[in-house]
Amino acid sequence: MGSLCLPSHGVKSIVSTLSSNASHGFNSLYGSRSPFELGMGFHSLSLLLFSLRRKKITVKRDVIYDRVEYKALYWVREINLANRLVGGVYNQGIEGSVLEEKDSEMLEIGLPLKYFVGRAHPLGASIVDGGINFALFSQHASSVILCISISERCYFLTFWRNGVVKLLKSRIEVPLDPQKNKTGDIWHICVEVCSIIGRIFGNFVGEFSHSILYIICYLKSLEGRRHHGVRGDWGQLIGGPAGEGGWFGWSDVRYGSHKESGVICLNLNLRMRVAQSEIGRLTFVVHVYSTLINIAKKIVTSLKSWINKVEIMRTYDYNEIEMMLANNNKGKLMINTWGYSTMNFFAPMSRYATTGAGPLVASKEFKEMVKAFHNAGIEVILDVVYNHTNEADDNNPYTTSFRGIDNKVYYMTDLQKNAQLLNYSGCGNTLNCNHPVVMELILDSLRHWVEEYHVNGFRFDLASVLCRGTDGTALDAPPIIKAIAKDAVLSKCKIIAEPWDCGGLYLVGRFPNWDRWAEWNGKYRDDIRRFIKGDTGMKGSFATRVSGSADLYQVNQRKPYHSVNFVIAHDGFTLYDLVSYNSKHNDANGENGNDGCNDNFSWNCGFEGETDDINIRNLRARQMKNFHVALMISQGTPMMLMGDEYGHTRHGNNNSYGHDTSINHFQWVELEAKRDSLFRFFSGMIKFRRTHPILRRDRFLKENDVSWHEDSWDNPDSRFLAFTLHDNNNSGGDIYVAFNAHDYFTKIAVPSPPNGKRWHRVVDTNLESPKDFVSEGELFNGSVYNMAPYSSIILEAKP
Numbered sequence: 001m002g003s004l005c006l007p008s009h010g011v012k013s014i015v016s017t018l019s020s021n022a023s024h025g026f027n028s029l030y031g032s033r034s035p036f037e038l039g040m041g042f043h044s045l046s047l048l049l050f051s052l053r054r055k056k057i058t059v060k061r062d063v064i065y066d067r068v069e070y071k072a073l074y075w076v077r078e079i080n081l082a083n084r085l086v087g088g089v090y091n092q093g094i095e096g097s098v099l100e101e102k103d104s105e106m107l108e109i110g111l112p113l114k115y116f117v118g119r120a121h122p123l124g125a126s127i128v129d130g131g132i133n134f135a136l137f138s139q140h141a142s143s144v145i146l147c148i149s150i151s152e153r154c155y156f157l158t159f160w161r162n163g164v165v166k167l168l169k170s171r172i173e174v175p176l177d178p179q180k181n182k183t184g185d186i187w188h189i190c191v192e193v194c195s196i197i198g199r200i201f202g203n204f205v206g207e208f209s210h211s212i213l214y215i216i217c218y219l220k221s222l223e224g225r226r227h228h229g230v231r232g233d234w235g236q237l238i239g240g241p242a243g244e245g246g247w248f249g250w251s252d253v254r255y256g257s258h259k260e261s262g263v264i265c266l267n268l269n270l271r272m273r274v275a276q277s278e279i280g281r282l283t284f285v286v287h288v289y290s291t292l293i294n295i296a297k298k299i300v301t302s303l304k305s306w307i308n309k310v311e312i313m314r315t316y317d318y319n320e321i322e323m324m325l326a327n328n329n330k331g332k333l334m335i336n337t338w339g340y341s342t343m344n345f346f347a348p349m350s351r352y353a354t355t356g357a358g359p360l361v362a363s364k365e366f367k368e369m370v371k372a373f374h375n376a377g378i379e380v381i382l383d384v385v386y387n388h389t390n391e392a393d394d395n396n397p398y399t400t401s402f403r404g405i406d407n408k409v410y411y412m413t414d415l416q417k418n419a420q421l422l423n424y425s426g427c428g429n430t431l432n433c434n435h436p437v438v439m440e441l442i443l444d445s446l447r448h449w450v451e452e453y454h455v456n457g458f459r460f461d462l463a464s465v466l467c468r469g470t471d472g473t474a475l476d477a478p479p480i481i482k483a484i485a486k487d488a489v490l491s492k493c494k495i496i497a498e499p500w501d502c503g504g505l506y507l508v509g510r511f512p513n514w515d516r517w518a519e520w521n522g523k524y525r526d527d528i529r530r531f532i533k534g535d536t537g538m539k540g541s542f543a544t545r546v547s548g549s550a551d552l553y554q555v556n557q558r559k560p561y562h563s564v565n566f567v568i569a570h571d572g573f574t575l576y577d578l579v580s581y582n583s584k585h586n587d588a589n590g591e592n593g594n595d596g597c598n599d600n601f602s603w604n605c606g607f608e609g610e611t612d613d614i615n616i617r618n619l620r621a622r623q624m625k626n627f628h629v630a631l632m633i634s635q636g637t638p639m640m641l642m643g644d645e646y647g648h649t650r651h652g653n654n655n656s657y658g659h660d661t662s663i664n665h666f667q668w669v670e671l672e673a674k675r676d677s678l679f680r681f682f683s684g685m686i687k688f689r690r691t692h693p694i695l696r697r698d699r700f701l702k703e704n705d706v707s708w709h710e711d712s713w714d715n716p717d718s719r720f721l722a723f724t725l726h727d728n729n730n731s732g733g734d735i736y737v738a739f740n741a742h743d744y745f746t747k748i749a750v751p752s753p754p755n756g757k758r759w760h761r762v763v764d765t766n767l768e769s770p771k772d773f774v775s776e777g778e779l780f781n782g783s784v785y786n787m788a789p790y791s792s793i794i795l796e797a798k799p
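Under UniProt numbering, the first residue of the sequence shown is numbered 1, with each subsequent residue one higher.
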């Protein structure tokens, strides 16, 4: 998310009685169906039970018993198992039970079923021998009810207490005894699963009020609507306790991490990568994972030759149509494509799976996708959000989970202001990350993605939130940050912090690290932008940034690669827009231009937006190449944004999270059009970096590593910088680099090459393709080079 503050998503609390099929909140999303029929708004624990074929049936007891026991594969339906918390925090005045059983028709049959006390760990729903164990943390709940909710579309055969089976079309309740089913603040119960029942999924739902049902984000799979961005399609929200799809063959995968100093990263949005067909016709592809698998050869082939790590935006299950719930003008058109609206911390986004396939297929396809990247030698880093959830703020609460389960534990609140939510995330709420219960949730989630999905690491959105105590004050040694750094399962993972939040806790270069945490270097982004566009007084800062930002990271045992260098990320301008717009153009976002960052350090090269002026277009192309040269010759870990390799534009929108359109979609046609120009230059520079170790050292530069060809460091008007990186290990030859950010030609004196070698020009961004990048280099015998305005050059010493 960067320093961007997303808007609060204004959805009023969902209060409903199920005697009406048009409940507030759910009605806007799903028409006339009730939440119980739809299963939307909460996780459901789904058992594959065996229904009778006809709705009205009168049979003898032994006949039904025979049908269930010996003809179990007759017909499979899903039911919803949920926990309901009663009483306390968010009682909104509707006292009627949400579990009324109006018009239910039941047929009692004797069939053994037992309930056990259960155990307090693990939290969530877990499969145990012969049953399912439920465990729910809630410090402030007065009572808990395990309930089984059934679709109104047909009757189900299900189990009731005391060994009785009832055929009903509504739901059942099993109250938990606080004397038996509670250990400390954890409520628990185990339900015996008869041998006739097949596959089991799991989840539960809590309720702190008689009016709302809540998700519990401790389950390993989740299914909601089955079609991405489609408002009102039917589908139960189902959670799974374990075993997402069964055994998966990882044995032939190159599962390991690259040396950190050799990593080149691409900031990647899965859905945006595949949302257009290969020939450019706009085609919404909702089965993102399988599509990535199907076109893996094309994508991996285009990536593996120049990058070896992808940082994938938001694959946790999230509510992409949350803005439609707001019932305002923008909600009609906007779909959240960035995914910073977490509903579950363990489940892959189910609506990225093959259309209508559900959570198990989503899990399998996600693994296939990871496997495809690994087989190509590409690490998978997940962009994770543990600073807030989708539950918005106090003024416009969209209560689905933690707010109702235990608001004071899971969120930071101001106890002096009636437990009002604190907002350091910019999204209305802030997870209480250093509370022991929330810490364990985060750690369990991270371990799950490593052990189950073999990901190589994590980038933590607004990670400074994780450095705050339970009252919001900054901590010098945050327990959760240390725990992640020291955890055995996470010990081989790359962990990357976005070291700021929306409350002003800016920790670039100061993030608590335990010698492990890397950082998005926001100062690198700003200083590189300002120098390349020609700001005065930036030469010294520019030199420091391309040298690895030793002023920020040469402490403790950190290395240059702990600085994640980037000019562009998913939020803010794209690279093309950075050189095409002076100001943001966010009117399409429906926020009256109040969203998105105002300080972009951009320059439109003489005209705002699109233009046919060939001189301006050429200058913009030159500036994009200059930024890329700076990124590729800098010590540290470079990261690029998907689409910049062909010059993707969002037309000046620097906060495009709500657009599932061409604003964000990867443009395959544009890639092909730029394959021999901008894309070729980008690819060439990346390969150049990978083949020259002196550009990616695992230590900070020493005096004999670099020569600065500069005699005007103190002149604030100087916008020229040149230096030579020395190859003291004979690993590829010395490299001379020069940047001219003046608006006029500059004649520069080129230093003599090392003995026995001559300079070869590899890069001149002022030249047209293919002369702008020549991988083998063109011989340069002169001693003076006439550099064009806003250009950069690279010379390499060769025999």
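Glycine is no exception: its CB is placed at the ideal position from the N, C-alpha and C atoms. Note that this is a predicted model, so its numbers are computed, not measured.
Simplified DSSP assignment, three categories, for residue i
i, result
"Q541", "According to the sequence shown, residue 541 is Ser rather than Gln. Of the three classes helix, strand and coil, the one that applies to S541 here is helix, per DSSP."
"I686", "helix"
"Q554", "coil"
"K408", "helix"
"S261", "helix"
"I335", "coil"
"T283", "The pLDDT assigned to T283 is 34, lower than 50, so where the model puts this residue is not dependable, and the model offers no usable value."
"K417", "helix"
"R271", "helix"
"I694", "helix"
Reference residue i, options the options, closest by Cα
i, options, result
"A543", "M313, V706 and D177", "V706"
"I694", "P479, S731 and V144", "S731"
"L575", "F682, N513 and D734", "F682"
"F780", "T765, P789, K757 and S769", "K757"
"A788", "R690, T746 and S261", "T746"
"residue 876", "S401, K687, K584 and Q554", "Since the first residue of the chain shown is 1 and the last is 799, residue 876 is not available in this structure."
"Y115", "S143, S138, P122 and V174", "V174"
"S775", "Q139, D177, D660 and H760", "H760"
"A741", "A749, S791 and I735", "S791"
"N344", "I381, L446 and T354", "L446"
"S769", "L123, V144 and R622", "R622"
"G457", "L123, D487 and P754", "D487"
"A483", "W520, E519 and L441", "L441"
"S718", "H665, F531, F566 and D727", "F531"
Range of the contiguous alpha helix (DSSP H) that encloses residue i
i, result
"L767", "From DSSP, L767 is part of no alpha helix (DSSP H); its letter is neither H nor E."
"H374", "P359 to N375"
"R447", "P436 to Y453"
"D577", "L575 to L578"
Residue i to residue j span [Cα, whole Å]
i, j, result
"residue 811", "N653", "Examination of residue 811 is not possible in this model, given that the chain is present from 1 through 799 alone."
"H388", "L268", "22 Å"
"F601", "L578", "8 Å"
"W517", "D414", "30 Å"
"S257", "D613", "46 Å"
"M439", "D185", "16 Å"
"K371", "F346", "19 Å"
"N589", "K674", "29 Å"
"L421", "E608", "41 Å"
"L266", "N423", "30 Å"
"A135", "S221", "17 Å"
Element boundaries [beta strand (DSSP E), containing residue i]
i, result
"residue 888", "For the chain, the structure presents residues 1 to 799; residue 888 sits outside this window and is missing."
"L779", "F773 to L779"
"T746", "T746 to A749"
"G124", "G124 to V128"
"R314", "Segment: none, R314 is in no beta strand (DSSP E) and carries neither H nor E."
Interface flag, residue i vs chain C, CB-CB below 7 Å
i, result
"M642", "Judged by its chain identifiers, the structure shown contains no chain C, having just a single protein chain."
(message) Please give the ranges of any alpha helix (DSSP H) in the region 479-548, keeping only runs that are unbroken, at least 4 residues long and fully inside the region.
(response) 479-486, 522-532 and 539-546
(request) Please go through the region 625-675 and give each complete beta strand (DSSP E) segment of 3 or more residues, from N-terminal end onward. (result) 637-641
(message) Ignoring anything shorter than 4 residues, give me the alpha helix (DSSP H) runs that lie fully in the region 563-624, in order along the chain.
(response) 575-578
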